[in-house]
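Asker:
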């Protein structure tokens with residue numbers, strides 16, 4: 054029994070009204086809030102209430118101690134989650150759920166937070182179960198905002214479980230609930246739309262992706278969330294590039310650049326500038342593309358953004374490769390190698406580029422060695438599409454040297470990697 058319930062039952066047993074119980078202490082409205090567990094009385098007020106109800110103070114203090122202990126445990130768990138200490142947070146939350154919760158703790162919120170822990174610990178089935186429970190609990194109390202948040206997280210769990218169609222279902226359900234909210238939540242709505250846009254992008258549904266990005270922009274257009282608007286512009290530019298609408302892609306990339314420049318968000322500014330440079334190269338503006346990439350290199354070196362350097366050197370290497378400057382391409386690749394840790398994904402792209410350079414220079418053995426290192430990296434990072442494209446390069450090389458059996462072997466590996474990519478995107482269900 055909660056503190057508020059105890060006070061209410063004892064008051065009714067004594068035949069007191071809320072006004073009589075609160076006389077000289079607090080207003081009747083405050084007594085009502087205390088009895089419904091929406092407010093906690095001070096020690097002095099609780100002592101006076103206990104005296105009026107002719108009960109020892111200890112009878113009430115036990116509930117307050119439990120409540121404070123549980124509240125503190127939940128706050129600690131949330132802090133641990135923010136610090137990515139999911140195992141310790143999960144232990145605390147599991148312990149809380151085994152107890153009789155004080156009335157001011159929301160069980161749905163506890164299950165939601167525990168679901169986040171389980172997802173990050175790789176316990177996808179448990180995470181799914183917890184988010185479904187949280188969603189139903191919120192909905193039963195007409196807490197539609199809580200329901201939406203649980204469905205967003207459930208969709209993320211399904212994406213990590215390689216079930217994109219289930220993600221889409223949950224996020225569309227969440228989207229339909231916004232009309233039930235008393236107050237508009239543009240940032241939350243944009244989050245749902247961005248998830249739908251991202252999954253559409255992954256499944257190759259670029260027009261759907263653009264539609265969702267545009268809806269997300271409309272949701273945020275009248276807010277001051279400039280960073281989020283910049284991210285939408287950046288993703289729209291990327292989607293237009295995939296549909297080969299390079300003029301629109303460049304336009305949205307420039308909008309994003311302007312926002313990130315204004316906000317001085319250096320890392321995002323570098324990322325969108327690299328994206329814009331690649332678009333320019335695709336349009337045939339190679340010189341302008343290289344200038345932007347070199348400016349990005351300078352920024353990264355000044356700001357110690359080592360993780361971005363490898364990708365930039367990779368794009369510079371491709372610039373020189375397409376221009377036929379293979380020495381310049383090799384030099385850029387070597388700079389890229391020097392900038393990155395040995396187990397990183399961007400190194401796979403560099404080895405693949407180096408393989409292409411060696412093919413162009415007629416160095417078959419060296420080309421194969423570099424392609425195989427790229428294959429190893431892509432396998433380690435489950436990059437099935439990159440893996441398939443690298444197998445295709447190897448197959449073409451074996452075919453050119455008359456090794457048709459090996460070429461066929463790698464074409465089969467290429468097809469298997471393509472199929473795995475389709476399964477991962479949810480396009481192929483087996």
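Residue numbers (the working numbering): 54 to 483. All C-beta atoms, glycine included, are put in the ideal place defined by N, C-alpha and C.
#1: Using a Cβ-Cβ cut-off of 8 angstroms (strictly less than) and excluding sequence neighbours within five positions of residue 374, which residues of its own chain qualify?
#2: Enumerate, from N- to C-terminal direction, the unbroken alpha helix (DSSP H) stretches of 4 or more residues contained entirely within the region 183-247.
#3: How would you label residue 380, buried or exposed, when you count the other beta carbons within 10 angstroms and need 16 or more for buried?
#4: Three-state secondary structure (DSSP) at residue 10?
#5: Could you name the residues of the same chain whose beta carbon sits closer than 6 angstroms to that of residue 159, not counting the 5 residues immediately before and after it, in chain order?
#6: Secondary structure at residue 440, three-state DSSP: helix, strand or coil?
#7: To the nearest whole angstrom, what separates the beta carbons of residue 227 and residue 255, a pair I think is in contact under 8 angstroms?
#8: I'd like the span of the alpha helix (DSSP H) that includes residue 327, first residue to last.
#9: Quick check: what's the CA-CA separation for residue 143 versus residue 212?
#10: Please report the straight-line C-alpha distance between residue 235 and residue 210, rounded to a whole angstrom.
#11: For residue 349 versus residue 399, is the C-beta spacing smaller than 9 angstroms?
#12: Tell me the residue span of the alpha helix (DSSP H) that contains residue 94.
#13: Report the three-state DSSP secondary structure of residue 119 (helix, strand or coil).
#14: Measure from the alpha carbon of residue 290 to the alpha carbon of each residue in 127, 343 and 329, then state which is nearest.
#15: Leaving aside the five residues before and after residue 474 along the sequence, list all residues of the same chain whose C-beta is less than 6 angstroms from its C-beta, in chain order.
#16: Output the residue ranges of the alpha helix (DSSP H) runs that lie fully inside the region 342-388 and measure 4 residues or longer, sorted by chain position.
#17: Quick one: give me the first and last residue of the alpha helix (DSSP H) that residue 170 is part of.
#18: Distance, Cα to Cα, residue 430 vs residue 368?
#19: Quick check for students: name the residue ranges of the alpha helix (DSSP H) that lie wholly in the region 416-475, counting only runs of 4 or more.
#20: Hey, residue 424 and residue 456 are a contact pair by Cβ (cut 8 angstroms); roughly how many whole angstroms apart?
#21: Excluding sequence positions up to five away, which residues of its chain have a Cβ less than 7 angstroms from the Cβ of residue 243?
#22: I need the straight-line Cα distance from residue 239 to residue 177, nearest angstrom please.
#23: Taking the straight line between their C-alpha atoms, what separation do you get for residue 24 and residue 188?
#24: Touching or not, the region 306-318 and the region 341-361, by the rule of three or more beta carbon pairs under 8 angstroms?
#25: Tell me, to the nearest whole angstrom, how far the beta carbon of residue 249 is from that of residue 283; I am working on the premise that it is less than 8 angstroms.
#26: By Cβ distance below 8 angstroms, which residues in the same chain neighbour residue 366 in space, the five residues on each side in sequence not counted?
#27: Can you tell me the Cβ-Cβ gap for residue 200 and residue 259, rounded? I've got them flagged as a contact below 8 angstroms.
#28: Buried or exposed for residue 218, going by 16 or more other Cβ atoms inside 10 Å?
#29: Going by DSSP, what residue range makes up the alpha helix (DSSP H) through residue 401?
#30: Ends of the alpha helix (DSSP H) at residue 76?
#31: Taking the alpha carbon of residue 342 as the point to measure from, which residue in 355, 352 and 327 has its own alpha carbon closest?
#32: Can you tell me where the alpha helix (DSSP H) with residue 85 in it begins and where it stops?
#33: Pick helix, strand or coil for residue 277, following the three-state DSSP scheme.
#34: Let's test the definition: count the other Cβ atoms within 10 Å of the Cβ of residue 220 and tell me whether it reaches 16, buried, or not, exposed.
#35: Starting from residue 303, trace the alpha helix (DSSP H) in both directions and tell me its first and last residue.
#36: Given this structure, state the Cα-to-Cα distance separating residue 110 from residue 225, to the nearest angstrom.
Answerer: Checking against the coordinates, here is how it stands:
#1: The count along the chain shown starts at 1 and reaches residue 374 at position 321. These residues qualify, in order along the chain: 382, 406, 409, 410 and 413.
#2: 197-213 and 217-229
#3: For the purposes of this step, residue 380 is identified with residue 327 of the chain shown, where counting begins at 1. So residue 380 counts as exposed.
#4: There is simply no residue 10 to check, as the chain begins at 54 and stops at 483 in what is shown.
#5: Walking along the chain shown from the start, residue 159 turns up at place 106. Cβ neighbours of residue 159 beyond the five flanking positions: none.
#6: Here residue 440 refers to the residue found at position 387 of the chain shown. Correct three-state label for residue 440: helix.
#7: Translated into the one-based positions of the chain shown, residue 227 becomes position 174. Translated into the one-based positions of the chain shown, residue 255 becomes position 202. Beta-carbon to beta-carbon, residue 227 and residue 255 are separated by about 18 angstroms, too far to satisfy the 8 angstroms threshold.
#8: Here residue 327 corresponds to residue number 274 of the chain shown, with the count starting at 1. From DSSP, the alpha helix (DSSP H) with residue 327 extends over 319-335.
#9: For this step, residue 143 is matched to residue 90 along the chain shown. For this step, residue 212 is matched to residue 159 along the chain shown. In a straight line, the C-alpha of residue 143 is about 21 angstroms away from that of residue 212.
#10: On the chain shown, position 182 is the one that residue 235 refers to. On the chain shown, position 157 is the one that residue 210 refers to. Taking the straight line from one Cα to the other gives about 28 angstroms.
#11: As a working mapping, residue 349 is identified with position 296 in the chain shown. As a working mapping, residue 399 is identified with position 346 in the chain shown. Against a cut-off of 9 angstroms, the Cβ pair of residue 399 and residue 349 comes out as no contact.
#12: Along the chain shown, one-based indexing puts residue 94 at 41. Premise fails: residue 94 is in no alpha helix (DSSP H) and is neither H nor E.
#13: As a working mapping, residue 119 is identified with position 66 in the chain shown. Three-state result, residue 119: helix.
#14: By one-based count along the chain shown, residue 290 stands at place 237. For the residues 127, 343 and 329, the minimum Cα distance to residue 290 belongs to 329.
#15: The residue given as residue 474 occupies position 421 in the chain shown. Taking residue 474 as the centre and dropping the five residues before and after it, the same chain places the C-beta of 437 and 438 closer than 6 angstroms to its C-beta, in chain order.
#16: 359-376
#17: Here residue 170 refers to the residue found at position 117 of the chain shown. Element bounds for residue 170: 160-173.
#18: In the chain shown, counting from the first residue as 1, residue 430 sits at position 377. In the chain shown, counting from the first residue as 1, residue 368 sits at position 315. Distance between the alpha carbons of residue 430 and residue 368 is about 18 angstroms.
#19: 417-433 and 437-453
#20: Reading the chain shown from its first residue, position 371 is the one you call residue 424. Reading the chain shown from its first residue, position 403 is the one you call residue 456. About 14 angstroms; that fails the 8 angstroms criterion.
#21: Start at 1 with the first residue of the chain shown, and residue 243 comes out as number 190. Contacts found: 269, 272, 273 and 281.
#22: Sequence index remark: in the chain shown, residue 239 carries index 186 (1-based). Sequence index remark: in the chain shown, residue 177 carries index 124 (1-based). C-alpha of residue 239 to C-alpha of residue 177: approximately 29 angstroms in a straight line.
#23: Nothing can be reported for residue 24, as the shown portion of the chain is limited to 54 through 483.
#24: no
#25: Working through the chain shown from its first residue, we reach residue 249 at position 196. Working through the chain shown from its first residue, we reach residue 283 at position 230. With a Cβ gap of about 19 angstroms, residue 249 and residue 283 do not count as contacting.
#26: In the chain shown, counting from the first residue as 1, residue 366 sits at position 313. Contacts found: 350, 385, 386, 388, 389, 392 and 403.
#27: Against the chain shown, residue 200 aligns to sequence position 147. Against the chain shown, residue 259 aligns to sequence position 206. Wrong, their Cβ atoms sit about 30 angstroms apart, outside the cutoff.
#28: Numbered from 1 along the chain shown, position 165 holds the residue referred to as residue 218. The residue is exposed, with fewer than 16 neighbouring Cβ atoms inside 10 Å.
#29: Residue numbering aside, residue 401 sits at position 348 when the chain shown is read from its first letter. DSSP places residue 401 in the uninterrupted alpha helix (DSSP H) bounded by 398-413.
#30: Against the chain shown, residue 76 aligns to sequence position 23. Here residue 76 belongs to no alpha helix (DSSP H), and DSSP marks it neither H nor E.
#31: Residue numbering aside, residue 342 sits at position 289 when the chain shown is read from its first letter. Comparing Cα positions, the closest option is 327.
#32: Within the chain shown, the letter at position 32 stands for residue 85. Start and end: 81-88.
#33: To locate residue 277, count along the chain shown from 1; it is residue 224. Residue state, collapsed to three classes: coil.
#34: Reading the chain shown from its first residue, position 167 is the one you call residue 220. It counts as buried.
#35: As a working mapping, residue 303 is identified with position 250 in the chain shown. Unbroken alpha helix (DSSP H) run through residue 303: 299-316.
#36: Position 57 of the chain shown, counted from the first residue, corresponds to residue 110. Position 172 of the chain shown, counted from the first residue, corresponds to residue 225. Using only the alpha carbons, I get a separation of about 52 angstroms.
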